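Chains as they are written, first to last, in my numbering: chain S, 1 to 405; chain P, 1 to 278. Backbone N, C-alpha and C fix where the C-beta goes; we use that ideal spot for every residue, glycine too. Because the structure is a prediction, the values reported are computed rather than measured. Presented below is the structure to which this report refers.
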Amino acid sequence: MKQFAITLAASALFASPLAAQDVAAVEQVADPAPLPSAHGYEPQDDLEKGLWYEMDEAERRLKQSKFLIEDPALNDYVRGVLCRTVGEDRCPAARIYLMRTPQFNASMAPNGVMLVYSGLLLRMRDEAQLAAVLGHEFTHFEKQHSLRLFRNMRKKSDLMAWLSVAPVRLPYAAAMATQFAVIGSVFSFSRDMEREADAGSIKELAQAGYDPRAASAVWSQLGAEMDATAKERRHRSNKKRGGLFATHPRTTDRMGTLAQLAEAAVPDASAAETRAAEYRAALGDWWPQLIDDQIALQDFGGTEYLLATLAGGDPAGWTGDLLYARGELYRARAKEGDFAQAADFFRQAIATGDTPPESWRGLGLALMRLGNKPEGQEALRSYLTLRPQAADAALLRTMAGETLS
Amino acid sequence: MKALLTAIVAALLLFVPAGSAHAQFGGLERTEVKEGYQLKPGAVQILVFRPDVHVGEQTTGGMNEPNAEWTQTAKAHIMAALEQEHLARGSQLVMVTQEDGEMGELVADYTALFGTVANSVLNHKMVRSNRLPTKRDAFDWTLGEDAARLKALGGDYGLFFYTYDSYGSTGRKIIQGLALVLGGGFVPSGVHIGYAGLVDLDTGDLVWLNVDTSMGGDIRTAEGAQKRVAQLMEEFPVRAEGVVVPEGTVTFDPPLPPDGPVDDEPVVASPTAAGDGQ
Chain S
1 MKQFAITLAA SALFASPLAA QDVAAVEQVA DPAPLPSAHG YEPQDDLEKG LWYEMDEAER
61 RLKQSKFLIE DPALNDYVRG VLCRTVGEDR CPAARIYLMR TPQFNASMAP NGVMLVYSGL
121 LLRMRDEAQL AAVLGHEFTH FEKQHSLRLF RNMRKKSDLM AWLSVAPVRL PYAAAMATQF
181 AVIGSVFSFS RDMEREADAG SIKELAQAGY DPRAASAVWS QLGAEMDATA KERRHRSNKK
241 RGGLFATHPR TTDRMGTLAQ LAEAAVPDAS AAETRAAEYR AALGDWWPQL IDDQIALQDF
301 GGTEYLLATL AGGDPAGWTG DLLYARGELY RARAKEGDFA QAADFFRQAI ATGDTPPESW
361 RGLGLALMRL GNKPEGQEAL RSYLTLRPQA ADAALLRTMA GETLS
Chain P
1 MKALLTAIVA ALLLFVPAGS AHAQFGGLER TEVKEGYQLK PGAVQILVFR PDVHVGEQTT
61 GGMNEPNAEW TQTAKAHIMA ALEQEHLARG SQLVMVTQED GEMGELVADY TALFGTVANS
121 VLNHKMVRSN RLPTKRDAFD WTLGEDAARL KALGGDYGLF FYTYDSYGST GRKIIQGLAL
181 VLGGGFVPSG VHIGYAGLVD LDTGDLVWLN VDTSMGGDIR TAEGAQKRVA QLMEEFPVRA
241 EGVVVPEGTV TFDPPLPPDG PVDDEPVVAS PTAAGDGQ
């Protein structure tokens, strides 16, 4: 019991710096200090200067990254969505980099570097959803969250160091509990900032005339995808992940809070825009490539779910691109019956009359694995006629029974 | 570069308990030189790629707080000291500033490749417990012959280096002292890591690599930077004695026996010949 009391006393210690931090944050708002999004903003103190300097160096390397999507049209589009969301005055402070990485993520550095992963672009259903994510990241930037998180961590790690040499040693269990409490409070601070960024994104969406319900939709889609992945892989869904050491609030909690905030911000969102057609048009040529990246993740359950939602739960929604993707997904898994299913999807894709030529390649390879050599070879030859310069042309020619020249 | 740093830090942690064999705080300190390697005689031009220098303060709790002012000062001091050091050795440094276009991309690619190769040397040769049997006596890493494309930037060698310094704050030093007195164990104050490597651009071979995880010299001062550079350049290959080319380093005949069997292609130090990969 005594140990417990000490633990409580120790925990109380950390509650106060946290509260103090909140007061500081309020003062910051009252103070007319320039926002990082203001034109010509310069980092203020030594720490901010130091973080900017390191990030500027990292940005130089980022510019040479092989993962950078340099397509000017796609870059212009994403930048345009940000500017539409936060306004032309504030958006120039952020520099967007599109990274070709199949995961769902985006991040923001204190100097204005914003990373947007291609896996996120694949998962957004319309422009309003993309705007929700960009608005969230921009709020992190404007409210200087990385700087504040660094200060918070510094303060708490300092405290732990002092406690480790404190003349009065805490009993082992209490010391452990104290450590957990301190580390936990850092994560709790991080979650608070995520909530602040979520709230910020709703505000921006509403002001820009986007449907603010898009923010909640992003998380319900992601949550359902996590469920599908978990079911296939037989583990607990990541969407329920939370607790003391989580950097972000639970997905299910964010979904609910965002929906409430959206309802409060724009009670009647019937006039608000989602711009789904514009979004699909902007992604255009990138689509099959993003699909290939996703299939390479070998997440059958999640990808199957993702494709089905992209088709909109409507048989007519299965376009040639999506059917091709589904064929590739089954062909890559290669379990019993998968090649027959894959061949079927490829045939359906080809029947739509609007599918990547790779559908013939997929059909040929699937049929060969099924033992149907004549038809398989014929499909491969169709592919080689459509893509004579394909990287794997030489190999496929041999498989198609053509002699090497 | 990041990966190498991580490996160094990991190596540092690994070596702390078994540190008695090493200098003062037991950090990893190793230099590898390609056996019998000498720089070619005559005027030597060494390309120096964007120096990777990071200086910060180690907080009481052990985090690193980057400091832009210290970093900029240190970078200037180190570059000055490096230039001086190499002038004394009779070689000239050529700063590479290209960051855009095809050449900038090439520099970025080779910087990344160097980082990966250096990391491999660190892991599989320098860290004794993890040394590959085939690398016991060999130091034969290379970036490949295509590295010769970098010669178009105006040098025959490429020098890559990196330093990371996190100076212990007052709080950190007090903790270190208290922990020693109170029996809390050894709390390190300050992190000072550096490495440098030299690539022969004719062959692409890594000819020298020096890694030190407990470097000396306060690089925020000119004198400290000189000490640091001297440590960084430990066992740097010396120049071969012999024919000194009077002027123009564009072409020169290597001192090879005129009719002897020569396995390698003749060395012609002209950028055009070197750029032809076939």
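- The Cβ of P:T60 sits closer than 8 Å to at least one Cβ of chain S.
- Beta-carbon to beta-carbon, S:L51 and S:L147 are separated by about 7 Å, close enough to satisfy the 8 Å threshold.
- The beta carbon of S:Q144 is closer than 7 Å to those of P36, P110 in its chain, skipping five residues each way along the sequence.
- Residues of chain S with a Cβ closer than 7 Å to the Cβ of P:L182 are, in chain order, V165.
- Beta-bridge partners of P:Y195 (DSSP): P:Y162, P:V211.
- As summarised for the region 75-151 of chain P, the continuous beta strand (DSSP E) elements at least 3 residues long and confined to that stretch are 91-95, given in chain order.
- P:M63 carries a coil assignment under DSSP once its states are collapsed to helix, strand and coil.
- Counting along the chain, P:H54 sits inside the beta strand (DSSP E) bounded by residues 52-58.
- Taking 8 Å as the cut-off, the beta carbon of P:A225 is found closer than this to the beta carbon of P:I78.
- In summary, P:S214 is buried, with 16 or more beta-carbon neighbours lying within 10 Å of its beta-carbon over all protein chains present.
- Look at P:V187 here: in three-state DSSP terms it is coil, with no helix or strand label.
- Contacts with chain P (Cβ-Cβ distance below 7 Å) from the region 39-51 of chain S involve D46, L47, K49, G50, L51, listed in chain order.
- Between P:V53 and P:K34, the C-beta gap is not smaller than 8 Å, which leaves the two residues out of contact.
- Contact between S:G353 and S:Y324 fails: their C-beta atoms lie close to 13 Å from each other, not under 8 Å.
- In the three-state reduction of the DSSP assignment, S:M153 falls in the helix class, which pools H, G and I.
- Counting other Cβ atoms within 10 Å of its Cβ, S:M176 stays below 16 and is therefore classed as exposed.
- Between S:A343 and S:A366 the beta-carbon gap is near 4 Å, inside 8 Å, which marks them as a contact.
- P:L82 and P:E145 have their C-alpha atoms spaced approximately 27 Å apart.
- Assignment of S:L98 by DSSP, reduced to helix, strand and coil, places it in the strand class.
- Put simply, the CB of P:M63 is near chain S, with a gap under 8 Å to one of its CB atoms.
- Annotation: Cβ neighbours of S:Y53 in chain P (cutoff 7 Å, chain order): P66, A68, T71.
- Contact of S:S157 with chain P is assigned, a C-beta pair being separated by under 8 Å.
- Taking all protein chains shown into account, P:L180 has fewer than 16 neighbouring C-beta atoms within 10 Å of its C-beta and is therefore exposed.
- The beta carbon of P:T59 sits closer than 8 Å to those of E65, S169, G171, R172, all from its chain and outside the five residues before and after it, given in chain order.
- Taking the beta carbon of P:I175 as reference, the chain S residues within 8 Å of it are A161, W162, S164, V165, listed in sequence order.
- Residue contact with chain P for S:R60: present (Cβ-Cβ distance below 8 Å to some residue of chain P).
- Look at S:M153: its C-beta is under 8 Å from a C-beta on chain P.
- If you ignore the 5 residues before and after P:A240, its C-beta comes within less than 7 Å of the C-beta of Q38, L39, K40, P41, all in its own chain and listed in chain order.
- Between P:G62 and S:S157 the beta-carbon gap is near 6 Å, inside 8 Å, which marks them as a contact.
- With 16 or more other CB atoms across the displayed protein chains lying within 10 angstroms of its CB, P:L198 is buried.
- Per DSSP, reduced to three states, the secondary structure at P:S169 is coil, with no helix or strand assignment.
- If you check the CB distance, S:R191 and S:H248 come in under 8 Å.
- Boundaries around S:M114 are those of the beta strand (DSSP E), 113-117, since no alpha helix (DSSP H) includes it.
- Closest option to S:F180, judged by alpha-carbon separation, among S:D198, S:M160, S:M193: S:M160.
- By the neighbour-count criterion, in which 16 or more other beta carbons inside 10 Å mark a residue as buried, S:L130 falls on the buried side.
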